[in-house]
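Visitor:
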Amino acid sequence: MKSHYRAVVIGGGVVGTSVLYHLAKFGWKDVLLIERSVLTAGSSWHAAGGIHALNADPNIAALQAYTIDLLPEIEKESGQSIGLHMTGGMTLAGTPDRWEWLQSAYRTFQSIGIDDCRLITPEEAGELCPIMSTDGILGGMWADREGYVDTTGTVHAYAGAAKKHGAEIVENNRVLALNQTANGWEVVTEKGTIQTEHVINAAGLWAKQVGRMAGVELPVSPLNHHYLISDTIPELEALDFEVPMTVDLEGFTYMRQDQKGILLGIYEVDHEHWMVDGAPWEYGFELQQEDTDRIEKELILGFERYPALQHVGVKTWVNGAFTFSPDGNPLVGPVQGKPGYWCACAVMAGFLQGGGVGKSLAEWMIHGEPEADVFGMDVSRYGDFAQNKRFIKETTGQFYSRRFIMTYPNEQLPAGRPLKMAPAYSDMTAAGCRWGASYGLEVPLYFAPESFVEKPSLKRSNAFDIVAEECRAVREDVGVLDISGFSRFEVTGEGAEAWLDHVMASKLPAAGRARLAPMLSDEGKMKGDLTVFNWGDGTWWIMGSYYLRDWHKRWFADHMLDNVAVRDLSDGTVGFSLSGPKSTMVLERVTDGPVNLPFMGCGTMDVGLIRAKVGRLSVTGELGYEIHCSAVEHIGLRKQLLKAGADLGIKEVGFNALLSLRLEKSFGIWNAEFTQGYTAAETGMDRWIDWSKAAFVGRDAAMTERDGNGPARRLVTLEVAADGADASGYEPVWTGGKMVGFVTSGGFGHTMGKSYAMALVDADLAAEGTDLSVHIVGVERAAKIIAPSPYDPAGKAMRS
Ligand SMILES: Cc1cc2nc3c(=O)[nH]c(=O)nc-3n(C[C@H](O)[C@H](O)[C@H](O)COP(=O)(O)OP(=O)(O)OC[C@H]3O[C@@H](n4cnc5c(N)ncnc54)[C@H](O)[C@@H]3O)c2cc1C
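Each residue of the sequence shown is one higher than the one before, starting from 1073 at the first, in my numbering.
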């Protein structure tokens, strides 16, 4: 062990060794992994080693696919057997809704290029796994690249391959403390102190403590998990093939062959946390006592699914812990305010996801950005609010218990809620507001009568008519929307304008104006679809998506210039928007005289008793205003607006209406049309780029794309011949049996009475009038590319 390394990985489980391997493989040879005990001594040694394709987040499913392809490679590179059994695998559906969902998931897989899957009948499932009862099975999805690995062998293979690339590993050496230095970190270990530029927390069950060593409180907790290994099953012994890895979603179990018996893993609905503050340091190759009473219900289902278990004994019980984040996805990436401190934690399926995590993190550290869109596992998707222990317990517990329970797109889950509420929350609830949650904040979805109950559905919700009425109010009269769920950053200082000019690709707005501002990465990929306000007094605002707050703050900090102060106002400044042809009438009734703001103008004015900041813009495509006030004025602002518009048909609306209205205008939104995986030219955001600027972040890459052959795919608007269900995202788009793109988002346009989708399709097929088709909830529907903005294409309403 030397006294200095470029990077030090803490933790020798499957994740730490994968990070080490990727760093060394991609060119950083001066890297060290430190392991407290011996390699695998956390969760990794007792994992079931299952690898399978399904993940609700398509980007994470793609990284899982990368891991699966990598496994044979590391075996070859290291010469260490990983005991790979690529048996193929099945995911089974036991209810009509689940079967529909699986058919739609199969199409999503096609969209992201996972093409070794097919749907199977219950009879085929029975033939593929003859020891399984097919009672209650309605269908399944088969994937070729599923199976299992020897977990210890796999960790040693990553480690061996890393060493071949020049990395070092030191075992039996606990990291005791981390101290931030001018150039990185001082790593205090049992065997001495090391200086390094980068430190990676891959401490698995101990991630919490290794976070705290750097003053970082990670939203992560271990939970216990059971599997059993049966004695030899005679029916299996008689087979001349291995049965596939099988996930029985309605049975809460996964199964794989283990020698001539089976391993049956259980996702317990009645979950149990373990050592919420991190495992004890002395914990190692130990397990918890099995608790068969707690898992009785799932065990009965498992023994019914695999009846042979009723006749053979249990050879081994495993009840071990592994870690979860609130949404079950890993926590990866740099921690804002801690330069050189990186996370690779909360990886709940390390053998399946470890490769993708290692690859993305190594790319991030070496090149500044990962190749894939990894927002779904970016540590910055959680803010300080997620450090609360009760929040962590409720959300991780909910995720665990629901691991195999279907969550419908319109379903709202209760854990960790309500956490943050804008001041008018109670008044709005009394008015019928139904809420969703974004980054811990309650955001309005729609307003319904008390007796209304929304039914979870894969298709159009029974709130359809309610949302239609809110859309009508906005198009014909005026709608009021609580816009507390936007992020607001105040930018001040002598260098404010120069910094904004540097970090945004667009022209900056003149004094008293707002402007749409794409923000790009060095590679020309999207980093934000923001709105910049110039209040004219040296103060600027950046407005964006509330849930991207920490992600954007980290980006701002990484690209900071001198003499600029960026302040996050998001929780102290809230507001309401007015949208619709009667918005000006309402506003003028509460302001002192006529409202003379031009389209995209902004200024400070009296709104009732409130001194508010007002911008004239609306994502609905109507005449509209966004009115910002301090949190203590929120209740009053709402009351004044509703009173002023009472005889003008004013109606409170929610974000479900906004999503429908913006789709009719072909206005893209983040995490759908815009992600860090897409470029400005692909998404049409390049029309906001100011090419005359000499420099801004991402300029070279954007120029190269502009001056080359242009983007290979383009964002289009589709009119879909839908029936009872609309596109939602990631559905494949076809022509003549060939996949030519995928949906970014979709929904019903209530004003136009049509189903729409936005999609990224091959550039040479992006012409208006092109006939295509789209799979919606598993059914192929005709679709046609139409001109953008089916509602009011000339944009007269918003400029009126
Ligand atoms: C019963 C069970 C079944 C599972 N089945 C599967 C499955 O089928 N498929 C799958 O993909 N996943 C499965 N998992 C999950 C899998 O085990 C984990 O996702 C994976 O092991 C996490 O790896 P890790 O490297 O993040 O953490 P760990 O394996 O916990 O490794 C962390 C390492 O860091 C070391 N460390 C911690 N603190 C320090 C310090 N201060 N200094 C030095 N070293 C330190 C520890 O000693 C440990 O070796 C299962 C888990 C359980 C419990």
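Built from N, CA and C at the ideal position, the CB exists for glycine as well.
This structure is a prediction, so every number in the text was calculated from the model and none was measured.
When burial is assigned at 16 or more other CB atoms within 10 Å of the CB, is methionine 1775 buried or exposed?
Guide: Residue burial is scored here from C-beta neighbours: methionine 1775 has fewer than 16 other C-beta atoms within 10 angstroms and is therefore classed as exposed.
Visitor: Secondary structure at methionine 1158, three-state DSSP: helix, strand or coil?
Guide: coil
Visitor: Which one of Gly1208, Glu1218 and Pro1168 has the shortest CA to CA distance from cysteine 1189?
Guide: Checking every option, the nearest Cα to that of cysteine 1189 belongs to Glu1218.
Visitor: Name the DSSP beta bridge partners of tryptophan 1214, please?
Guide: Met1162 and Arg1190
Visitor: Between the alpha carbons of alanine 1133 and leucine 1174, how many angstroms are there, rounded?
Guide: Each residue's Cα considered, the two are about 14 Å apart.
Visitor: Which partner residues of phenylalanine 1519 appear in the DSSP bridge assignment?
Guide: Cys1505
Visitor: Can you look up serine 1655 in the DSSP assignment and give me helix, strand or coil?
Guide: helix
Visitor: Use the C-beta contact count for proline 1516: other C-beta atoms within 10 angstroms, 16 or more gives buried, fewer gives exposed.
Guide: By the neighbour-count definition (other C-beta atoms within 10 Å, threshold 16), proline 1516 is a buried residue.
Visitor: Run the proximity test for tryptophan 1278: is its beta-carbon closer than 6 Å to any non-hydrogen atom belonging to ligand 1?
Guide: yes
Visitor: Skipping 5 residues on each side, what residues in its chain have a beta carbon closer than 6 Å to that of tyrosine 1619?
Guide: Ser1510 and Tyr1511
Visitor: For leucine 1424, is the beta carbon positioned less than 6 Å from some heavy atom of ligand 1?
Guide: Relative to the non-hydrogen atoms of ligand 1, the Cβ of leucine 1424 comes within a distance shorter than 6 Å of at least one.
Visitor: Verify whether the separation of the beta carbon atoms of histidine 1847 and proline 1783 is less than 7 Å.
Guide: no
Visitor: Out of curiosity, what's the CA-to-CA distance linking glycine 1721 and valine 1429?
Guide: A direct Cα-Cα distance of roughly 52 Å separates glycine 1721 from valine 1429.
Visitor: Going by C-alpha to C-alpha distance, which of Ala1582, Thr1676 and Asp1601 sits closest to alanine 1589?
Guide: Of the listed residues, the one whose Cα sits closest to alanine 1589 is Asp1601.
Visitor: When the cut-off is 7 Å and only beta carbons count, does serine 1872 lie next to chain C?
Guide: The structure shown contains no chain C; it holds only a single protein chain.
Visitor: Out of Asp1187, Gly1114 and Thr1223, which has the shortest C-alpha to C-alpha gap to glutamine 1152?
Guide: Thr1223
Visitor: Excluding sequence positions up to five away, which residues of its chain have a Cβ less than 7 Å from the Cβ of alanine 1831?
Guide: Val1788, Leu1790, Val1805, Gly1813, Phe1814, Val1815 and Thr1816
Visitor: Alpha carbon to alpha carbon, what distance is there between leucine 1191 and tryptophan 1436?
Guide: Each residue's Cα considered, the two are about 36 Å apart.
Visitor: Excluding the 5 residues preceding and the 5 following leucine 1142 in the sequence, name in chain order all residues of the same chain whose CB lies nearer than 6 Å to its CB.
Guide: Gly1427
Visitor: Per DSSP, alanine 1831 is paired with what?
Guide: Looking at the DSSP output, alanine 1831 sits in a beta bridge with Val1788 and Val1815.
Visitor: Extract the residue ranges of the beta strand (DSSP E) inside the segment 1321 to 1408, only unbroken runs of 3 or more that lie entirely within it.
Guide: 1325 to 1330, 1333 to 1338, 1386 to 1396 and 1403 to 1406
Visitor: With a threshold of 6 Å, establish whether the CB of alanine 1458 neighbours any heavy atom of ligand 1.
Guide: no
Visitor: Could you check how far apart the C-beta atoms of arginine 1626 and serine 1397 are, in whole angstroms? I think they sit under 8 Å.
Guide: So it is not a contact: roughly 17 Å between Cβ atoms.
Visitor: Are there any heavy atoms of ligand 1 lying less than 6 Å away from the beta-carbon of valine 1103, as far as the coordinates show?
Guide: no
Visitor: Given a cut-off of 7 Å on the beta-carbon distance, is the pair serine 1690 and glycine 1616 in contact?
Guide: no
Visitor: Looking at the unbroken alpha helix (DSSP H) that takes in glutamine 1748, where does it start and where does it end?
Guide: Glutamine 1748 -> no alpha helix (DSSP H), and no H or E assigned at all.
Visitor: Please return the same chain residues whose Cβ sits closer than 8 Å to the Cβ of leucine 1714, not counting the five positions on each side in sequence.
Guide: Val1552, Ile1722 and Glu1724
Visitor: List, from N- to C-terminal side, the alpha helix (DSSP H) runs of 4 residues or more that fit wholly inside the segment 1442 to 1491.
Guide: 1461 to 1473
Visitor: Just verifying my parser: in three-state terms, what is the DSSP assignment at methionine 1615?
Guide: In the three-state reduction of the DSSP assignment, methionine 1615 falls in the strand class, which pools E and B.
Visitor: Out of Met1285, Ala1583, Ala1279 and Lys1280, point me to the one whose CA is closest to glutamate 1258's CA.
Guide: Out of Met1285, Ala1583, Ala1279 and Lys1280, Met1285 has the C-alpha closest to the C-alpha of glutamate 1258.
Visitor: Considering Cα atoms alone, identify which of Asp1456, Ser1861, Leu1104 and Pro1862 is closest to histidine 1237.
Guide: Taking the Cα of histidine 1237 as reference, the smallest distance to any Cα among Asp1456, Ser1861, Leu1104 and Pro1862 is reached at Leu1104.
Visitor: Rounded to a whole number of angstroms, what is the C-alpha to C-alpha distance between arginine 1785 and alanine 1835?
Guide: 4 Å
Visitor: Quick one: is asparagine 1391 buried, meaning 16 or more other Cβ sit within 10 Å of its Cβ, or exposed?
Guide: buried
Visitor: Given the structure, does histidine 1631 come close to ligand 1, in the sense that its CB is under 6 Å from one of the ligand's heavy atoms?
Guide: no
Visitor: Which of helix, strand or coil does DSSP assign to asparagine 1606?
Guide: strand
Visitor: Starting from the Cα of glycine 1409, find the closest Cα among Gln1252, Val1833, Tyr1472 and Met1493 and give me that residue.
Guide: Gln1252
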